[in-house]
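Before any comments, here is the structure.
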Amino acid sequence: MNCYMCKGNLKIKKVNYVVDLDNTIIIIKGVPAKVCEQCGEQYFDDTTAENIEKMVNELRKFSTEITVVNYKKKTA
Ligand SMILES: [Zn+2]
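Everything in the sequence shown is counted per the numbering used here, starting at 725 for the first residue and increasing by one.
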């Protein structure tokens with residue numbers, strides 16, 4: 725698999741995923757992603773994207789200003 729943007733090589737890395745919402749910022753640390761070596765574009769697989777979405781939906785309920793959490797892998 726190569727980068728959709730620039731066709732660069734993708735490397736598996738742990739990244740910090742930042743969600744910028746209306747009145748809060750949520751940072752999820754240590755998210756596994758494929759990162760383009762050339763342009764830095766990040767790609768997440770379906771499971772990871774789903775987990776991120778679930779975490780954000782939970783966290784945004786009680787998040788104030790900035791919330792920093794570690795990525796947790798959940799199965800089902
Ligand atoms: Zn790229």
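Using N, Cα and C, we set each Cβ at its ideal position, and we do this for glycine too.
Tell me whether residue 762, by its Cβ, gets closer than 7 angstroms to a heavy atom of ligand 1.
yes
Going by the beta-carbon positions, is the gap between residue 737 and residue 792 smaller than 8 angstroms?
no
Expressed to the nearest angstrom, what Euclidean distance is found between the alpha-carbon atoms of residue 732 and residue 758?
Roughly 11 angstroms between the two C-alpha positions.
Is the beta carbon of residue 779 within less than 7 angstroms of some heavy atom of ligand 1?
It does not: the Cβ of residue 779 is nowhere closer than 7 angstroms to a heavy atom of ligand 1.
Straight-line CA distance for residue 744 to residue 787?
12 angstroms
So, is residue 800 buried or exposed, given that buried needs 16 or more other C-beta atoms within 10 angstroms?
In this prediction, residue 800 has a pLDDT of 49, which is less than 50 and means its spatial position is unreliable; nothing more can be read from the coordinates.
Where DSSP assigns a beta bridge to residue 741, which residues make up the other side?
Paired residue(s): 752.
Would you report the Cα separation of residue 781 and residue 730, rounded to the nearest angstrom?
Rounded to the nearest angstrom, the gap between the Cα atoms of residue 781 and residue 730 is 32 angstroms.
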